[in-house]
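Going down the list, the protein sequences come from chains F and W.
Numbering (our numbering) for the first sequence: 2 to 394.
Numbering (our numbering) for the second sequence: 2 to 394.
2 protein chains.
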Amino acid sequence: MNPFRFQNPTALYYGSGQIEQHLETEVKKYGDRVLLVYGGGSIKSTGLYDKVLGILGKASITVYELPGIEPNPRLSSVNKGISICRENQVDLILAVGGGSVIDAAKAIAGGVKYEGNVWDFYTRRARAEDALPLGTILTLSATGSEMNGTSVISNLETEEKRSTSALALYPRFSFCDPANTLTVPKNQTVYGIVDMMSHVFEQYFTHTEHVMLQEQMCESLLRTIIAHAKPVLEDPANYHGREALMYCSTMALNGIISMGVEPDWACHAIEHVISAYYDIPHGGGLAIVFPNWMKHVASGKEAKFARLAVQVFDIDAKGKSEQQLAFAGIAAVRSFFDEIGAPRTLGDYGIGEERIEEMAAEAAKGWGAGTIGNFQKLTKSDIESILRMCLTK
Amino acid sequence: MNPFRFQNPTALYYGSGQIEQHLETEVKKYGDRVLLVYGGGSIKSTGLYDKVLGILGKASITVYELPGIEPNPRLSSVNKGISICRENQVDLILAVGGGSVIDAAKAIAGGVKYEGNVWDFYTRRARAEDALPLGTILTLSATGSEMNGTSVISNLETEEKRSTSALALYPRFSFCDPANTLTVPKNQTVYGIVDMMSHVFEQYFTHTEHVMLQEQMCESLLRTIIAHAKPVLEDPANYHGREALMYCSTMALNGIISMGVEPDWACHAIEHVISAYYDIPHGGGLAIVFPNWMKHVASGKEAKFARLAVQVFDIDAKGKSEQQLAFAGIAAVRSFFDEIGAPRTLGDYGIGEERIEEMAAEAAKGWGAGTIGNFQKLTKSDIESILRMCLTK
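Next comes the structure, spelled out in structure tokens:
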């Protein structure tokens with residue numbers, strides 16, 4: 002176990018009825034001028050928008066709106082939000098949506114208090130030391146952004162998709178009601194499942210030793226996600242299934258399973274480049290990259306993949322070598338992604354080999370050291386090789 | 002899963018070297034007048050006292066001291082601490098010790114800001130709404146008090162041992178360095194192991210449904226504690242074993258495994274009465290009470306105990322009825338406690354049947370409803386029956 006600092010100040014309200022009971026009180030702690038940030042308008046068709054505006058209206062809160070946050074949220078939207086907050090002395094940002102909406106709201110919250118260009122946070126030129134208070138109402142189980150200090154933003158001008166993390170960017174409160182995810186369409190549900198599983202993988206595949214509890218918590222998360230994925234896809238209104246997925250998505254990236262663990266994050270770095278170049282869904286990209294990353298790095302690390310096979314996919318170890326087991330585990334990940342209808346190759350998004358080398362070079366320089374990843378350090382050549390594997394079934 | 006609110010603001014510093022690097026900065030956030038609270042002086046023989054005073058001295062912090070906190074911390078010590086803080090305008094309380102020291106420090110922190118008698122928090126007459134900032138340096142893996150808002154205090158005058166919980170009582174920061182537990186004596190180590198396992202049991206035995214992840218996290222904790230207990234008892238300087246136990250003790254009672262779960266807490270209520278009457282070690286009392294509680298409530302709840310047998314103690318289910326498995330699981334808990342040298346009967350502490358009925362009556366009124374526990378509600382008669390089982394091997 003590595004020495005670590007952990008602090009997660011977000012107040013979580015989980016389950017149905019919490020918004021009705023506690024949203025007004027939480028909002029009023031911060032003031033009476035709120036910027037409501039949301040996405041494509043699904044919260045209007047589900048009635049959540051009206052519910053939230055009703056509660057804020059009854060509490061005499063002045064509400065400003067920033068709709069239209071994109072699935073890969075854009076720096077341009079963030080800058081629009083910063084202007085609205087500054088012009089109207091907004092006290093609290095309330096993000097109603099999935100990870101993209103929350104990530105954009107975090108960028109706005111940090112940007113309002115920063116004199117320079119907010120993109121500086123994402124290029125590591127600065128760090129958010131202060132931020133407007135932020136609250137969230139989650140409508141999509143995927144990114145875990147509701148209980149962490151990370152924000153991922155795309156800069157279309159520079160074709161970059163980058164992340165930043167800071168204590169100041171943690172939501173003050175987050176309302177997570179599974180009922181608000183019952184109408185999430187199938188493809189978004191699939192991307193969410195892949196995203197939360199990928200978050201666990203990034204922390205499960207570590208070379209840090211003496212992390213028995215963390216490792217078993219990762220396996221518990223993966224088993225719980227897998228157990229509930231198909232029931233939810235077959236019956237989108239399956240409340241308890243949606244609840245389990247929502248809870249797992251929060252727990253997968255609130256910092257708990259990476260306490261004392263050096264995480265990997267190479268696949269996210271690679272996927273961010275693909276998304277930046279082609280604007281594909283994050284979860285879709287991860288479904289393509291992760292199994293190929295596993296095949297690429299498995300050699301010499303069979304024990305961990307064999308463990309995945311046995312503990313998560315319940316594969317019988319009898320009569321199998323460690324390497325056979327390891328590859329059975331990797332195949333089980335791919336099969337599971339296939340079964341839930343996740344994409345398999347870059348071709349599924351019409352992406353060919355044209356920019357593979359360019360993307361590999363871009364991904365490799367992501368962390369400034371010429372390599373990415375910790376479980377195994379990947380060079381540009383490794384990344385290129387993984388991306389080429391992503392071209393074929 | 003039940004609706005829940007979760008918030009845990011404590012900043013954790015885990016691992017070796019963190020005190021040296023970060024204690025000064027953390028303390029200085031709150032001021033320059035510190036009350037150092039500690040216990041029987043073991044921190045002097047280990048050198049931790051000198052290390053902490055050295056760091057505070059170099060930072061020109063004025064230090065007041067409250068030594069001698071008892072294993073079941075007394076209200077009288079708490080009141081002494083409150084006076085010191087008030088007389089000297091203390092800015093921060095720094096608790097250096099185990100759960101008893103931290104619990105006393107929490108009571109002092111809350112009491113300083115409360116005009117009435119601090120015991121009101123423990124009799125539910127009042128709640129700590131505000132508190133002096135509190136930091137901790139943990140020296141014993143057991144109670145989890147380093148990352149929660151709970152404090153347990155004994156009132157010798159009224160023969161009561163009671164708890165209170167409040168957001169204001171969470172430590173602002175806690176330093177958990179396994180190296181500070183390497184010299185913990187065997188009996189204290191055993192009590193700590195029983196205590197942390199009991200905390201998991203209290204949350205594992207729930208009738209709340211749809212809690213797959215929480216249930217598996219509990220099992221992960223129990224397996225990790227059991228795996229490291231004997232290696233640590235055989236080699237007290239086993240750093241990685243101490244580290245695993247320390248981490249499990251924090252995770253067992255920082256609120257994570259009870260998210261959305263109705264916990265039980267009957268055994269703690271019973272043990273608190275025994276400790277209040279006879280001043281025995283908390284972990285020792287729990288080792289006696291818990292297996293007997295399990296036998297008493299198992300009927301009709303075999304499935305959960307059978308699960309414990311298979312998932313935690315790796316007992317082969319083949320050819321066994323659910324009831325056989327359940328009792329094999331309970332027997333495995335008792336055997337494990339025996340193997341690590343935990344006490345088995347009240348007689349081990351010289352306690353006879355003289356006050357059994359009185360203790361049962363006292364425990365039953367603990368929560369004001371005439372029963373305690375949630376997994377199974379226990380009446381006075383149930384508690385008396387469990388206590389009588391505790392008299393015999």
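In this text, a Cβ means the ideal position worked out from N, Cα and C, and glycines have one as well.
What residues in its chain sit with their C-beta under 6 Å from that of Pro10 of chain W, if we drop five residues either side in the sequence?
-> Tyr171
Is DSSP giving Lys187 of chain W helix, strand or coil here?
-> helix
Contact residues within the segment 3 to 27 of chain F, judged by C-beta distance below 8 Å to chain W = Asn3, Pro4, Phe5, Arg6, Phe7, Gln8, Asn9, Pro10, Thr11, Ala12, Leu13, Tyr14, Tyr15, Gly16, Ser17, Gly18, Gln19, His23
Thr190 of chain W to Gly55 of chain W, Cα distance in whole Å?
-> 28 Å
Check distances from the C-beta atoms of the segment 235 to 264 of chain F to those of chain W and list, in chain order, the residues that come in under 8 Å.
-> His241, Glu244, Ala245, Tyr248, Cys249, Met252, Ile257, Met260, Gly261
Do we get a CB-CB distance below 9 Å when we pair Ala228 of chain F with the residues of chain W?
-> yes
What distance in whole Å lies between the Cβ atoms of Lys296 of chain W and Ile331 of chain W, which are believed to be in contact at a cut-off of 8 Å?
-> 6 Å
Leaving aside the five residues before and after Tyr50 of chain F along the sequence, list all residues of the same chain whose C-beta is less than 6 Å from its C-beta, in chain order.
-> Ile44
Quick one: is Thr134 of chain W buried, meaning 16 or more other Cβ sit within 10 Å of its Cβ, or exposed?
-> Checking the sequence shown, residue 134 of chain W turns out to be Pro, not Thr. Pro134 of chain W is buried by the Cβ-count criterion.
Name the residues in the segment 196 to 223 of chain W whose C-beta lies less than 7 Å from a C-beta of chain F; which are they?
-> His211, Met213, Leu214, Gln217, Met218, Ser221, Leu222
If you count every other CB in all the chains shown that lies within 10 Å of the CB of Gln19 of chain F, and 16 or more means buried, which is it?
-> buried
Note the first and the last residue of the continuous beta strand (DSSP E) segment covering Gln8 of chain W.
-> 5 to 15
So which residues on chain W does Thr225 of chain F lean against when the C-beta distance must stay under 9 Å?
-> Met213, Leu214, Gln217
Determine, using beta-carbon pairs with one atom in the segment 369 to 378 of chain F and one in the segment 144 to 152 of chain W, whether at least three such pairs fall under 8 Å.
-> no
Confirm, please, whether the CB-CB distance from Ser46 of chain W to Thr137 of chain W is below 9 Å.
-> no
Report the three-state DSSP secondary structure of Ile87 of chain F (helix, strand or coil).
-> This sequence places Arg at residue 87 of chain F; Ile is not what is there. Helix, per DSSP.
What residue from F:Ser250, F:His208, F:Ala238, F:Cys177 has the CA that sits closest to Met198 of chain F's CA?
-> F:Ser250
Gln90 of chain W burial status per 10 Å Cβ neighbour count (16 or more: buried) = exposed
To the nearest angstrom, how far is it from the Cα of Arg125 of chain W to the Cα of Thr165 of chain W?
-> 8 Å
Indicate whether the contact test is met: 3 or more Cβ pairs, each with one atom in the segment 60 to 77 of chain F and one in the segment 96 to 106 of chain F, closer than 8 Å.
-> yes
Whole-angstrom distance between Gln325 of chain W and Ser386 of chain W, CA atom to CA atom = 22 Å
Does DSSP put Glu464 of chain W in a helix, a strand or coil?
-> This structure does not reach residue 464 of chain W, given that chain W is present from 2 up to 394, and the question cannot be answered.
Local Cβ density within 10 Å of Gly342 of chain W, reported as buried at 16 or more and exposed below that | exposed
Is it true that the CB of Gly367 of chain F sits closer than 9 Å to the CB of His273 of chain F?
-> yes
Buried or exposed: which applies to Thr382 of chain F, given that a residue is buried once 16 or more other Cβ atoms fall within 10 Å of its Cβ?
-> The question names Thr, but residue 382 of chain F is Ser in the sequence shown. It is exposed - the Cβ of Ser382 of chain F has fewer than 16 other Cβ atoms within 10 Å.
Spatial distance of Arg128 of chain F from Thr346 of chain W (CA atoms) | 58 Å
Where do the N-terminal and C-terminal ends of the alpha helix (DSSP H) with Arg224 of chain F fall, by residue?
-> 213 to 235
Selected residue, minimal CA-CA separation from Leu57 of chain W, among W:Gly69, W:Asn80, W:Lys30, W:Gly261 | W:Lys30
Residue closest to Leu36 of chain W, alpha-carbon to alpha-carbon, out of W:Ala105, W:Lys59, W:Asp280, W:Phe337 | W:Ala105
Which residue from F:Arg34, F:Ala288, F:Asp178 puts its Cα closest to that of Val195 of chain F?
-> F:Ala288
Kindly identify the DSSP beta-bridge partner or partners of Ile154 of chain W.
-> W:Arg163
CB-CB under 7 Å to Asn293 of chain W, same chain, minus the five flanking residues each way: which ones, in chain order?
-> Ile387, Met390, Cys391
Secondary structure at Thr182 of chain W, three-state DSSP: helix, strand or coil?
-> helix
DSSP three-state assignment for Ser322 of chain W, whether helix, strand or coil | coil
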